[in-house]
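A quick write-up on the structure given underneath.
Structure, rendered in C-alpha cells:
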C-alpha cells in the first residue's frame, strides 16, 4: 500500500514535497524492498539536481540503519519503533465472501463509503518504510488547515488530510472529519448502536451483537485492516462511525482516525 500511496503522492502534490539530498551508500540505489522495481523514469530523466545526487537517492530499504532521524524526537521515536513487532495486515480470502454470500453486499458497502480502491489493495507493506513514516510523522496547524508532514525514502512530504486520504486510495469526495456525521447526518452513537443491536452502549460492545450479517462482517474487516487490534470483537467508536456511513451511503475517510490509532 505504501508503494501505491507514494506514487499517488508525487502526482498529487509535487509542489508541496521536497527531496532531501543527504549522501547515501550505493547499495541504496535500487527499489522498494528487495523484490519490487520502482519506475521513476520521468523524474530521473530530467533531474533537478546533479546526476550524482540522483543516483544517491534511496530506492530500497533493507535495514534500520538506512533510516536517518533528523532530530532528537525522531531518534527517540526510531528507538521505540525498533522494539515493536510488525505484521502484515490480515485479510479475508475473496472466495470466503463468495461462499458466505456476502461478496456483493461487501463490495457495495465499500463503494458507498468511498473505500473501494483501498479495499482492493493486496500489495505487501514495508517494515522499514512504515518505520520511516511513523518516526517522521508530525502535524502543524496553519490557519484553519492541518498539515501532515512525513518522509518516504528520505523525501519530505507536506499534505492536507484530504490529500493524504486521496493518496491512500479513498474517494476524493469523502468527508475527513467524522464529527460531520453528527452535524450533517444526525448521527447519535446510542441510537445507532440500538438500531443495529439490542445491547446498551458501553466500552465493551461486541460485534457479535450486530444483527445484520453484512454489518457484522464489515465491523470485523475494519478491525483487521483499518484499525488492527488483537480483539476483533470489540466495536469501537470509529467502527460505529464507519458502519453508519456504509449503511447510510455516506462517503467518509478514516484517515484521521488511522493516524491517531
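In the working numbering, the protein residues as written are 5 to 265. Quick reminder that beta carbons are idealized off the backbone N, C-alpha and C, glycines included.
Beta-carbon separation of residue 236 and residue 214 under 9 Å?
Position 232 of the chain shown, counting from 1, holds the residue named residue 236. Position 210 of the chain shown, counting from 1, holds the residue named residue 214. Contact flag unset, no.
Inspect the beta-carbon positions of residue 286 and residue 134 and report whether they are closer than 9 Å.
Past the edges of the chain, shown from 5 to 265, lies residue 286, and the structure says nothing about it.
Could you give the first and the last residue of the continuous beta strand (DSSP E) run that contains residue 156?
In the chain shown, residue 156 corresponds to position 152, counting from 1. That run of the beta strand (DSSP E) goes 149 to 156.
Start-to-end residues for the beta strand (DSSP E) that takes in residue 97:
Within the chain shown, the letter at position 93 stands for residue 97. Where residue 97 is concerned, there is no enclosing beta strand (DSSP E), given that its DSSP letter is neither H nor E.
Are there 16 or more other CB atoms within 10 angstroms of the CB of residue 206, so buried, or fewer, so exposed?
For the purposes of this step, residue 206 is identified with residue 202 of the chain shown, where counting begins at 1. Under this definition residue 206 is an exposed residue.
Hey, out of 97, 164, 114 and 68, whose CA is closest to residue 132's CA?
As a working mapping, residue 132 is identified with position 128 in the chain shown. Out of 97, 164, 114 and 68, 68 has the C-alpha closest to the C-alpha of residue 132.
Leaving out the 5 sequence neighbours to the left and right, which residues in its chain are closer than 6 Å to residue 100 when beta-carbon positions are compared?
Numbered from its first residue, the chain shown carries residue 100 at position 96. Here the set comprises nothing.
Sheet register partners of residue 143 (DSSP bridge):
Here residue 143 is taken as the residue at index 139 of the chain shown, counted from 1. Its beta-bridge partners are 152.
Going by other Cβ atoms of all chains shown within 10 Å of its Cβ, with 16 needed for buried, is residue 94 buried or exposed?
On the chain shown, position 90 is the one that residue 94 refers to. Result: exposed.
For the structure I just gave you, are there three or more beta carbon pairs, one from the region 157 to 165 and one from the region 81 to 98, closer than 8 Å?
no
Just reading off the alpha helix (DSSP H) that residue 248 is part of, what are its end residues?
Residue numbering aside, residue 248 sits at position 244 when the chain shown is read from its first letter. Note, residue 248: alpha helix (DSSP H), 241 to 252.
Hey, would you say residue 276 sits closer than 9 Å to residue 106, going by beta carbons?
This structure gives no information on residue 276, because the portion of the chain shown stretches from 5 to 265.
Please report the distance separating the alpha-carbon of residue 204 from that of residue 195.
As a position in the chain shown, residue 204 is number 200, starting the count at 1. As a position in the chain shown, residue 195 is number 191, starting the count at 1. Spanning the two alpha carbons is a distance of roughly 10 Å.
From residue 78 to residue 230, what does the alpha carbon distance come to, in whole angstroms?
Along the chain shown, read from residue 1 onward, the residue named residue 78 stands at position 74. Along the chain shown, read from residue 1 onward, the residue named residue 230 stands at position 226. Near 25 Å, if we compare the C-alpha coordinates of residue 230 and residue 78.
Starting from the N-terminal side, write out each stretch of the beta strand (DSSP E) that is 3 residues or longer and does not extend beyond the region 151 to 228.
159 to 164
Buried or exposed: which applies to residue 188, given that a residue is buried once 16 or more other Cβ atoms fall within 10 Å of its Cβ?
Within the chain shown, the letter at position 184 stands for residue 188. The residue is exposed, with fewer than 16 neighbouring Cβ atoms inside 10 Å.
Which residue wins for smallest C-alpha separation from residue 197, given the options 155, 247, 153 and 156?
Residue numbering aside, residue 197 sits at position 193 when the chain shown is read from its first letter. Comparing Cα-Cα distances from residue 197 to each of 155, 247, 153 and 156, the minimum goes to 247.
If we count the other Cβ atoms within 10 Å of its Cβ and call it buried at 16 or more, is residue 75 buried or exposed?
Taking the first residue of the chain shown as 1, we reach residue 75 at position 71. When all chains shown are included, residue 75 counts as exposed.
Which class does residue 106 belong to by DSSP, given the choice of helix, strand or coil?
Residue mapping note: residue 106 aligns to position 102 of the chain shown, counting from 1. Residue 106 falls in the coil class under three-state DSSP.
Does the beta-carbon of residue 148 have 16 or more other beta-carbons within 10 angstroms, so that it is buried, or is it exposed?
As a first step, residue 148 must be located in the chain shown, where it is residue number 144. Exposed, by the Cβ-count rule.
Run through DSSP, which three-state label would residue 236 get?
Sequence index remark: in the chain shown, residue 236 carries index 232 (1-based). In the structure shown, residue 236 sits in coil (DSSP, three-state: anything other than H, G, I, E or B).
Neighbourhood of residue 179 by C-beta, 6 Å cutoff - its chain only, sequence neighbours within 5 removed
Along the chain shown, one-based indexing puts residue 179 at 175. Closer than 6 Å at the Cβ level, and outside the excluded window around residue 179, lie 256.
In or out: residue 234 buried (at least 16 other Cβ within 10 Å) or exposed?
Taking the chain shown and counting its residues from 1, the one referred to as residue 234 is at position 230. With fewer than 16 other Cβ atoms within 10 Å, it is exposed.
Please look up how many angstroms separate the CB atoms of residue 259 and residue 130, rounded, as I've assumed it's under 8 Å.
Position 255 of the chain shown, counted from the start, is the residue given in the question as residue 259. Position 126 of the chain shown, counted from the start, is the residue given in the question as residue 130. That belief does not hold up - the Cβ atoms of residue 259 and residue 130 are roughly 19 Å apart, past 8 Å.
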